[in-house]
Amino acid sequence: MEQNRARISAQGLGLAAVSYDSVAILKTFADREHIGFELLSDPESKVIRSYGILNETVQKDSPSFGIPHPGTYVLDARGIVTAKYFEDDFRVRDTAGSILLRQFGLEPSSRAAVQAKHLQLNTSGGDMPLRPNQRVSLAVDLQLPDRMHVYAPGVTGYIPISLTMRASPAFQADPVSYPAAKTMRLEAIHETVPVFEGALRLVETVTLGAAQAIEPLLDGDRNLTIEGDLRYQACDDRECFAAETVHLKWPVHVLPFDRTRAPEPLRRKQ
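Printed below as a string of structure tokens:
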């Protein structure tokens with residue numbers, strides 16, 4: 113969250129995190145990690161319980177009792193929840209960058225141009241360091257020239273645009289998110305088909321695997337390369353060109369888990 117705090121603030125949003133940890137523990141953590149947003153202590157888990165997210169699988173005599181199911185709420189100016197991001201697996205966490213892209217359409221700050229025929233193509237995502245089990249959203253932005261289109265998923269008899277991630281034990285890919293398609297009437301052959309024109313964005317959200325699955329695939333700088341293939345057939349008002357497949361890569365930097373604990377006197381006791 114801290115890495116994206118400026119981008120969150122630029123959207124007119126505030127940022128705070130609630131934890132069952134004490135004020136002293138949160139201060140120690142904030143000082144060590146240089147956290148600049150509000151960390152709110154809920155030592156009796158009253159707020160956590162009020163939201164219905166207390167993790168009741170934890171034994172009551174455990175020091176971890178009182179933790180919530182981890183997740184993120186998006187609230188409007190009246191304090192009304194407009195979106196929430198939670199996962200079934202408590203180890204899996206959405207990154208702030210992923211939420212900014214999926215919820216607000218705010219792309220990462222860095223983009224990479226990719227050579228492609230008949231259109232302009234850029235990729236983005238993965239520019240912030242990640243940790244195992246985090247979710248990151250990767251974007252593919254296309255700009256089609258005037259009078260040019262590609263077919264949308266669901267078309268029959270033509271080649272639709274598709275983004276397919278290359279299988280890897282390092283991550284699990286969600287279904288690709290496509291924008292709403294337009295309908296085009298092909299008068300010459302009396303057909304109506306779904307197409308994309310102008311600018312469009314495909315978003316692929318992937319969940320990084322556990323540390324033991326990722327570590328063997330990292331390079332010497334702890335970078336992981338996520339790969340996929342974009343396939344499309346561009347057409348103008350006179351002809352359809354040969355289908356193209358473009359190989360895409362997203363390098364992401366993977367950090368090890370931070371296993372630094374709070375000083376012994378501050379820790380919860382059984």
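Under the numbering used here, the first residue of the sequence shown carries the number 113, and numbering increases by one thereafter. Built from N, CA and C at the ideal position, the CB exists for glycine as well.
Between residue i and residue j, which are expected to be in contact by the criterion C-beta below 8 Å, what is the C-beta distance as a whole number of angstroms?
i, j, result
"L342", "L336", "Not a contact, Cβ separation roughly 20 Å."
"I326", "P241", "Contact flag wrong, Cβ pair sits at about 13 Å."
"A118", "L151", "Their Cβ separation, rounded to whole angstroms, is 18 Å, which puts A118 and L151 out of contact at 8 Å."
"A346", "V262", "6 Å"
"F141", "E114", "Their Cβ separation, rounded to whole angstroms, is 11 Å, which puts F141 and E114 out of contact at 8 Å."
"N116", "L213", "The pair is not a contact, with the Cβ atoms about 11 Å apart (cut-off 8 Å)."
"P175", "R373", "Between R373 and P175 the Cβ distance is about 11 Å, and since that is not below 8 Å, they are no contact."
"V364", "G238", "4 Å"
"E356", "K229", "5 Å"
Quick check on DSSP: helix, strand or coil for residue i?
i, result
"G209", "helix"
"L125", "coil"
"R343", "strand"
"I147", "coil"
"S174", "coil"
"A142", "helix"
"K381", "coil"
"E168", "coil"
"E376", "helix"
"E114", "helix"
"I338", "strand"
"A136", "helix"
"S153", "strand"
"V186", "strand"
"I280", "Note that residue 280 is Ser in the sequence shown, not Ile. Of the three classes helix, strand and coil, the one that applies to S280 here is coil, per DSSP."
"V159", "helix"
Report all residues from its chain with a CB closer than 8 Å to the CB of residue i; omit the five preceding and five following residues, and keep chain order.
i, result
"D223", "The question names Asp, but residue 223 is Arg in the sequence shown. Only N234, T235, S236, D253 meet the Cβ criterion."
"P180", "V130, Y132, S157, I160, Y163, I165, L166, N167"
"F177", "V170, Q171"
"P122", "Contrary to the premise, residue 122 reads as Ala rather than Pro in this sequence. Around A122: no qualifying Cβ."
"D333", "H365"
"F216", "Q123"
Determine the burial state of residue i: buried for a count of at least 16 other Cβ atoms within 10 Å of its Cβ, exposed for fewer.
i, result
"T319", "buried"
"Y359", "Note that residue 359 corresponds to His in the displayed sequence, not to Tyr. Exposed, because fewer than 16 other Cβ atoms sit within 10 Å of the Cβ of H359."
"Q246", "buried"
"D383", "What is shown of the chain runs 113 to 382, which leaves residue 383 out entirely."
"I120", "buried"
"G266", "exposed"
"D206", "buried"
"V135", "exposed"
"T268", "exposed"
"A282", "buried"
"P220", "buried"
"L256", "buried"
"G209", "buried"
"Y344", "buried"
"I301", "exposed"
"L250", "buried"
"P272", "buried"
Go through its chain and collect everything with a Cβ distance to residue i's Cβ below 7 Å, but skip five positions before and after it.
i, result
"L393", "The structure shown has nothing for residue 393, since the chain only spans 113 to 382."
"A322", "P244, N245"
"V307", "H261, V262, Y263, A264, A293, K294, M296"
"L275", "V252, V288, L314, E316, G340, L342"
"L153", "Strictly speaking, residue 153 in this sequence is Ser, with Leu absent from that position. Excluding positions up to five away in sequence, the list reads S131, D133, S134, V135, L138."
"P182", "F202, R205"
"D348", "R259, M260"
"P375", "T140"
Short of 6 Å in beta carbon distance, which residues of its chain neighbour residue i, apart from the five on each side in sequence? Order them along the chain.
i, result
"K361", "T337, E339"
"P291", "L312"
"D370", "none"
"Q227", "none"
"L367", "P241, R243"
"Q284", "T319"
"Q232", "Q255"
Next item on the list: At 3 residues or longer, and completely inside the segment 206-248: list those beta strand (DSSP E) runs for me, N to C.
Entry: 223-226, 232-236
Note to self: Going residue by residue through the segment 284-336, where are the continuous alpha helix (DSSP H) segments of at least 4 residues, counting only ones entirely within it?
What the structure shows: 323-326
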